[in-house]
Amino acid sequence: MQTIYNTLGRQKQTFTTIEPGKVRMYVCGPTVYDFFHIGNARTFTAFDMVYRWLTALGYEVNFVRNITDIDDKIIERANANNEPMEALTARMTEAYFEDTARLKLLRPTNSPRATHHIEHMLAIIKQLEDKGMAYRATNGDVYYAVREFEGYGKLSGKNPDELRAGERVAVETAKRDPLDFVLWKAAKPNEPQWPSIFGGGRPGWHIECSAMCRAVLGDQIDIHGGGLDLQFPHHENEIAQTEGTFDKGSGKQFANYWMHAAFLNIDHEKMSKSLGNFFTLREVLNKLDVIQGGETVRYFLLRGHYRSEINYAWDMLEDARQSLLGFYIALKETPATDVKLDWANPYALKFRTAMEDDFDTPAAFTVLHELRRELNRSKSAETAGLLRALGATLGFFQNMPAAFVQGATNTAQLDVDALVNERNAAKRGKDFARADTIRKQLDDDGIVLEDKPGGLTEWRRK
Ligand code: AMP
Ligand code: ZN
1119 MQTIYNTLGR QKQTFTTIEP GKVRMYVCGP TVYDFFHIGN ARTFTAFDMV
1169 YRWLTALGYE VNFVRNITDI DDKIIERANA NNEPMEALTA RMTEAYFEDT
1219 ARLKLLRPTN SPRATHHIEH MLAIIKQLED KGMAYRATNG DVYYAVREFE
1269 GYGKLSGKNP DELRAGERVA VETAKRDPLD FVLWKAAKPN EPQWPSIFGG
1319 GRPGWHIECS AMCRAVLGDQ IDIHGGGLDL QFPHHENEIA QTEGTFDKGS
1369 GKQFANYWMH AAFLNIDHEK MSKSLGNFFT LREVLNKLDV IQGGETVRYF
1419 LLRGHYRSEI NYAWDMLEDA RQSLLGFYIA LKETPATDVK LDWANPYALK
1469 FRTAMEDDFD TPAAFTVLHE LRRELNRSKS AETAGLLRAL GATLGFFQNM
1519 PAAFVQGATN TAQLDVDALV NERNAAKRGK DFARADTIRK QLDDDGIVLE
1569 DKPGGLTEWR RK
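So the sequence shown is numbered by our numbering: it starts at 1119 and just counts up by one.
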């Protein structure tokens, strides 16, 4: 039985879906004004794991991760670059798809873009206005009237009155209440705008997600996810917007399970663009081997539980790479037969039990390590097959073992095979000094040689 820690209610709950066998899942995606950083990658990877795992359990998952392609930061950056907003967002969207692919993330079923859903946003704003839950302010903006929504604060556990008391003297005097938030921003010079019954303007950030979610998945969904920073106010506001359009007293919920991934930190501080303490995923991958890099970062990100903070440091990545190498060396020694996952197998069952407990990847990884040790003992092709099949449910071990252990870095500059042949020839000619020199040179370059019976030598990256 799958359980999920639901932020709404703050406890683990048994997962049941609206439609049997089907999951509707929405995750807040990137704001495409720059390359995404490894903190964003943490959240994306966590939900890719959820997507893969629920699929492995047999659910048909409709997984939406949106693309925010209109927002203040985008407009600012496009103006600073002196380029049209659409050019910037097109380039960054493409980079986002490239980077997520390198991280072995599956493409979501749908990747809606905010600018393609302006009509849907306006429809919700109109519905809210008709119900008296949105109002046109004197400055031309349209605001959500938080006082009209009873459940405000239920997700974040915040009390609206305390929030109000904590507000500084309202800077935006056009609001009726300090907690009201903007749904539609009146047009300003040098900003993109769309015509509407509220006048020319552009959407606020929160309404984008309510609209894309409804357009692609419908009024009610099973899982809504994002990073912890989005819990308040973004997700609280999404609930207010979507549930604000439902009939009062209907008891209808927008999303049944709210999941939040904890932060990736650096020097014990949240990695973020605004603090400037970030590394883009691209930078990190470019420092790693092209064959090993994506899976290494993925392993590092999933080794911790998605609700635990993780600290980013270079030696953690090296540590993750070493663990992965261990798996691939075992899989190279004993090529796997294709097996169909049998959940009754004790290892598979233990793995599944871990994953069903709110996606406990650290416990699931422990099972993979047990299997690796078992494989090294037994050299059984079936055990190798089971290891590969279980790994696959989380997106691991799908590289060719021989290619993974060798990696690709430097192999262009350094012809390893030629050096290995030269060394073996020197050995055969009893020129052991030369043979040793070559072995030492390869070792300095991070290559380990393994002499096999029959005079064969294999090599791998350290
Ligand atoms: P953004 O592009 O800033 O809208 O963020 C995209 C996603 O990354 C959101 O779900 C954020 O919650 C998440 N995110 C941002 N910073 C971090 C971080 N340091 N650790 C984990 N997730 C993050
Ligand atoms: Zn969102």
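Cβ atoms here follow ideal geometry from the backbone N, Cα and C, with glycine treated the same way.
Among Val1168, Leu1221, Lys1497, Gln1120, nearest to isoleucine 1156 - alpha-carbon criterion
Leu1221
When Thr1163, Gly1269, Asp1259, Glu1361 are compared against leucine 1512, the one with the closest alpha-carbon
Thr1163
Supposed close pair threonine 1125, tryptophan 1376 - CB separation, criterion 8 Å
4 Å
Say yes only if the C-beta of histidine 1378 is nearer than 7 Å to one or more non-hydrogen atoms of the ligand ZN, and no if none qualify.
no
Who are the near neighbours of glutamate 1280 in its chain, counting only those whose CB is closer than 7 Å to its CB and skipping five residues on each side?
none
In the DSSP assignment, what residue or residues form a beta bridge with tyrosine 1123?
Lys1130
Can you tell me the Cα-Cα spacing of tryptophan 1432 and glutamate 1401, whole angstroms?
12 Å
Does at least one heavy atom of the ligand ZN sit under 7 Å from the Cβ of glutamate 1354?
no
Is it buried or exposed for phenylalanine 1550, if we count other Cβ within 10 angstroms and need 16 for buried?
exposed
Going by the C-beta, is leucine 1301 closer than 7 Å to any heavy atom of the ligand ZN?
no
Quick one: grab the DSSP three-state call for glycine 1412.
helix
Within 8 Å, strictly: CB atoms of tryptophan 1425 and alanine 1481
The amino acid occupying residue 1425 in the given sequence is arginine; tryptophan does not appear at that position. Cβ distance not < 8 Å, so arginine 1425 and alanine 1481 don't count as in contact.
Who sits around the ligand AMP, taking every residue whose Cβ is closer than 5 Å to one of its heavy atoms?
Cys1146, Pro1148, Thr1149, Gly1157, Asn1158, Arg1160, Thr1161, Gly1344, Gly1345, Asp1347, Leu1348, Phe1381, Leu1382, Lys1388, Met1389
Given a cut-off of 8 Å, decide if methionine 1210 and tyrosine 1151 are closer than it, judged by their beta-carbon atoms.
yes
Which partner residues does arginine 1320 have in the DSSP bridge list?
Lys1303
From glycine 1411 to glutamate 1436, what does the alpha carbon distance come to, in whole angstroms?
10 Å
Please classify isoleucine 1192: is it buried, with 16 or more other beta-carbons within 10 angstroms of its beta-carbon, or exposed?
buried
How about leucine 1508 and alanine 1466: are their beta carbons less than 8 Å apart?
yes
Under three-state DSSP, which class holds tryptophan 1577?
strand
Have a look at Pro1202, Arg1183, Asp1563 and flag the residue whose alpha-carbon is nearest the alpha-carbon of arginine 1225.
Arg1183
Check this for me: beta carbons of phenylalanine 1267 and alanine 1159, under 8 Å apart or not?
no
Could you check what DSSP says for leucine 1567 in three-state terms: helix, strand or coil?
strand
Give the DSSP-derived three-state secondary structure of aspartate 1298 in the structure shown.
coil
Please determine whether the Cβ atom of arginine 1231 lies at a distance below 7 Å from any heavy atom of the ligand FAD.
Here the bound small molecules are the ligand AMP and the ligand ZN; the ligand FAD is not part of this structure.
Look at the alpha carbon of proline 1230 and the alpha carbon of glutamate 1576, and state the distance between them as a whole number of angstroms.
47 Å
If you measure between the beta carbons of valine 1534 and leucine 1443, is that distance less than 8 Å?
no
Top-ranked residue by Cα proximity to valine 1168, from Gly1343, Glu1309, Gly1127
Gly1343
Distance check for histidine 1353 and glutamine 1245, CA to CA, integer angstroms please.
19 Å
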